[in-house]
Structure formats: C-alpha cells, structure tokens
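Each residue of the sequence shown is one higher than the one before, starting from 4 at the first, in this note's numbering.
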Amino acid sequence: MRLAVAACQRQLGWRATFLIFACWFVLACTGQPLVGGDADAGDASTGTNPQCPAGALLCDQTCVDPTRDATHCGSCATQCASDEACVDGQCTTNCPAEFSLCGGACVDTRTDIENCGACGTLCGSGTVCSLGQCELTCGGGLVTCSSGGGTNGDGGGSDYCADLNSDRENCGACANACGVGQQCLDGNCTYSCPPGETVCNASCADLQTDPANCGSCGVACANGEACQAGSCVTQCSPGL
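Spelled out as structure tokens, the structure:
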C-alpha cells in the first residue's frame with residue numbers, strides 16, 4: 004500500500020493521492036462505494052405521499068373515505084366487525100333507508116348486480132339489476148350507467164342501473180360522484196349531518212348553538228354574544 008501511495012505522489016501529486024486514499028478508506032470500512040451503493044440509496048426517499056381530496060384520510064399510503072370505509076371507519080385502522088358497515092364514520096349494523104347490509108357494506112339491492120334483490124344474488128353476464136331483478140335493461144326510472152363505480156360496487160366498468168336521485172357515484176347524472184362525506188339527495192350532492200345539525204356552507208352546524216349560524220345558516224352573532232336556543236344573547240361577566 005505504501006509503495007502504491009508513493010507512486011501516486013510522484014505521478015499525480017498530493018491532491019490526487021489524497022482522493023485515492025479516501026476512496027480506499029471508505030471501501031475498506033463499508034465494502035460499498037459512496038455513490039450507487041445501498042447506503043447511498045437510503046440517503047433520501049424517492050417516494051411521495053399521495054394528495055387526498057378534502058375529507059379523505061391517508062391510510063397505508065391510500066386515500067380512503069372514513070365515512071364509509073369499513074377498514075378505516077372514522078379514523079385509520081379502525082376496522083368494523085364482519086357483520087357491520089361503516090356509515091357516517093361509525094361502525095353499525097343499521098344501514099340508511101333503501102340500503103341493506105351485505106358482506107359488511109350497505110348496498111342497494113334494487114340495483115347492485117352482486118346483491119340483486121337479496122344479499123349474494125349475482126346477476127349473470129350481460130344483465131343488469133333493475134328493481135331487484137336481473138334484467139336485460141333498466142326500468143322503473145333507473146338509468147343505465149357504466150362509469151365503473153356506482154352501487155354495483157364491482158368497479159369493472161360493466162353496465163348497471165343507477166337511481167340518479169340517490170346514487171352517490173351517479174348523482175343527477177352518470178359518473179357525477181359526490182365528495183367524501185356527502186350523500187345524494189334528489190339528484191344533488193349534500194353533506195350527511197348528524198341528527199340535530201344542518202348543512203351550512205358545505206359543513207354541518209348546530210343552529211341552536213353555533214354563533215356563526217345561529218337560528219339559520221349565515222346568521223352570525225356579534226362579538227360578546229353567544230348562540231343559545233337559536234338566538235344571539237349577550238354574555239354576562241361572572242357575578243353579573
């Protein structure tokens with residue numbers, strides 16, 4: 004090693020010799036080069052977290068809807084039991100009106116090709132589920148949609164019948180999906196609020212106690228006032 008270093012000193016000078024010696028030292032200590040080795044690959048992460056839409060949660064590097072995801076119900080890793088569904092962020096065995104609990108999900112058995120008329124009743128290829136019956140065409144005010152979502156839940160892009168008045172994935176029109184936490188009412192996407200609350204400016208508000216929406220949406224109490232029983236009242240200092 005000394006003879007090699009001496010030769011480098013004579014031919015390349017001290018600066019070049021120092022660089023060679025430094026590289027030899029790193030290789031001797033780690034067995035890997037500084038650039039291109041495993042250690043270099045771990046210096047910085049090349050992955051980026053996905054950007055989730057408003058209301059969605061990033062769980063296990065995937066954007067989920069915590070209001071109806073049975074694996075992440077209300078929060079990441081909060082899993083519902085096998086006989087429960089996630090409704091409005093709560094695990095429950097009770098589904099909204101016109102929906103039935105099938106396989107841990109609330110489905111519309113009027114239009115769901117995998118649960119047509121009853122849980123587990125699968126419609127054959129080329130047919131759709133119309134009003135709980137496997138048919139060739141949709142009827143009873145239902146519309147044929149094929150955006151790959153909807154109440155059939157197969158995600159395969161096959162045709163299925165949709166109620167444009169209540170289908171979250173086809174609200175008012177095919178492929179017009181409602182956002183996270185919204186439901187489709189009369190063909191319009193609206194937020195699903197707990198009992199006693201009202202949708203005000205794309206959020207839920209208690210009109211009895213909300214100082215920004217006191218008594219009705221948009222009615223804000225003045226500074227020093229509180230909202231009590233839907234009316235703005237002046238707050239008194241303690242002892243007065």
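Think of the CB as a built atom: it goes at the ideal place given N, C-alpha and C, for glycine as much as any other residue. None of these values were measured; they are calculated from a predicted model.
If you draw a straight line from the Cα of serine 133 to the Cα of threonine 70, it is about 27 angstroms long. The way I'd put it, the segment 67-83 doesn't touch the segment 122-138; fewer than three beta-carbon pairs between them come closer than 8 angstroms. For leucine 139, there is no enclosing beta strand (DSSP E), as DSSP marks it with neither H nor E. When DSSP states are grouped into helix, strand and coil, glutamine 93 belongs to the strand group.
The alpha helix (DSSP H) runs lying completely inside the segment 189-224 and spanning 4 residues or more number zero. Serine 195 is classed as buried because its beta carbon has at least 16 other beta carbons within 10 Å across all chains shown. For the options Gly92, Pro99, Asp162, Asp72, the alpha carbon positioned closest to that of cysteine 141 is the one of Asp162. Taking valine 202 as reference, the option from Cys220, Leu188, Gly144, Gln93 with the minimal CA-CA separation is Cys220.
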